[in-house]
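Undergrad: Just passing along the structure, written as structure tokens.
In this note's numbering, the protein residues as written are 32 to 394.
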């Protein structure tokens, strides 16, 4: 009886879905975007708008009219602009496509890896998420890179930063990190918006969201990289700084927190190797997808394409610098010293206390 009721419920669900879909007009189900060809990147914007106004008025009207019966009106607009464009402009389009096509590979070299953001997330998860959104590229890693990282975390840091000793230094450093990271995210997000609406992909002019997918895939790789790090790496001891609360740990730079002690987790080796391999392949595919999309964008000058690449690199480098500073802080104790430096510092304090006590006894 219960089985029959379950079947009846599934049948009712299917019938209801079919009825709802039957009331959706075909134009709604197959709705295309008409948000492009309205604004362009600065260098060519006056020229392209004049072409659309005087040479391609019928084509752009068919594109902007969402209910137009014209088949693939975006291709008609592209064809009209290219036919009325001087040859030297077309040559510049080809040069701009080369510059933009190289951007994903350059970003892979300059951007942080998903292991970097995953390790920072042990202490400052909010900042790690913000930094992951700063770049549209991710540096790929192999499974052995995790073991190398664990080994390096167990040794003393060769890169240490002087900890400011003035009052409010922690607040200033943390605030500067968040401001720089937020500005990088805003730059990357607005640039993605511009690539979606102020340029056109030649092989899919009806889809204006492809650059946004490329950017979102980078964040997805960071999230899955965090899962891989959790499968491979565990924290040996709880930080004494976490006793003050997660919010305190989030807002305090790692240089002022205790050293992060990590060790390898051997319980999920199979799952980790599978996920690490998938991340490596996925990272390469994400860069390939970005190359395909960016090299297919048209109506961007060489000057604008160079500015686009510089902006992408700027956000990635700023995020990388913050991560370098924070990861170096994870290898020091709460006062910014390495393990040996901290021991020497404490021994000198104890020796000074003994000398003072001896001087008081003799006096």
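Built from N, CA and C at the ideal position, the CB exists for glycine as well. Everything numeric in this text was worked out from a predicted model, so none of it was measured.
1. Quick check on the DSSP output: what are the complete beta strand (DSSP E) runs of length 3 or more inside the stretch 155 to 228, in order along the chain?
2. Can you confirm whether the stretch 314 to 328 touches the stretch 237 to 246 when touching is taken to mean that 3 or more C-beta pairs between the two stretches lie within less than 8 Å?
3. Would you kindly check if the distance between the Cβ of residue 362 and the Cβ of residue 290 is under 9 Å?
4. I need the straight-line Cα distance from residue 145 to residue 309, nearest angstrom please.
5. If the criterion is Cβ atoms closer than 9 Å, does the pair residue 345 and residue 215 meet it?
6. Would you check whether the ligand SAH has a heavy atom nearer than 8 Å to the C-beta of residue 280?
7. Which residue wins for smallest C-alpha separation from residue 113, given the options 97, 209, 79?
8. Give the secondary structure of residue 149 by DSSP, where H, G and I count as helix, E and B as strand, and everything else as coil.
9. Rounded to whole angstroms, what's the CA-CA distance from residue 212 to residue 167? Just pull it up for me.
10. Quick one: what does DSSP say residue 87 is sitting in, helix, strand or coil?
11. How far does the beta strand (DSSP E) with residue 294 in it extend, from its first residue to its last?
12. Can you name, in chain order, every residue of its own chain whose Cβ lies under 8 Å from the Cβ of residue 250, other than the five neighbours on each side?
13. Need the endpoints of the alpha helix (DSSP H) that residue 339 sits in, please.
14. Is it right to say residue 224 is buried, meaning 16 or more other beta carbons lie within 10 angstroms of its own, or is it exposed?
15. Determine the DSSP secondary structure at residue 136, reduced to helix, strand or coil.
16. Work out the CA separation of residue 116 and residue 100 for me, nearest whole Å.
17. Assuming residue 332 contacts residue 123 (C-beta within less than 8 Å), just tell me the rounded distance between them.
18. Sort 134, 93, 77, 177 by Cα distance to residue 64 and report the nearest one.
19. Quick one: what does DSSP say residue 308 is sitting in, helix, strand or coil?
20. Around the Cβ of residue 169, are there at least 16 other Cβ atoms within 10 angstroms (buried) or fewer (exposed)?
21. For residue 307, collect the residues of the same chain with a Cβ closer than 6 Å to its Cβ; drop the 5 residues on either side in sequence, then sort them by chain order.
22. Once the 5 residues before and after residue 351 are set aside, which same chain residues still bring their CB inside 6 Å of it?
23. By DSSP, does residue 283 sit in helix, in strand, or in coil?
TA: Taking the coordinates as given:
1. none
2. yes
3. yes
4. 13 Å
5. yes
6. For the ligand SAH, the structure offers nothing, since it holds no ligand at all.
7. 79
8. helix
9. 14 Å
10. coil
11. 293 to 295
12. 163, 164
13. 333 to 360
14. exposed
15. helix
16. 27 Å
17. 6 Å
18. 93
19. helix
20. buried
21. 174, 259
22. 143
23. coil
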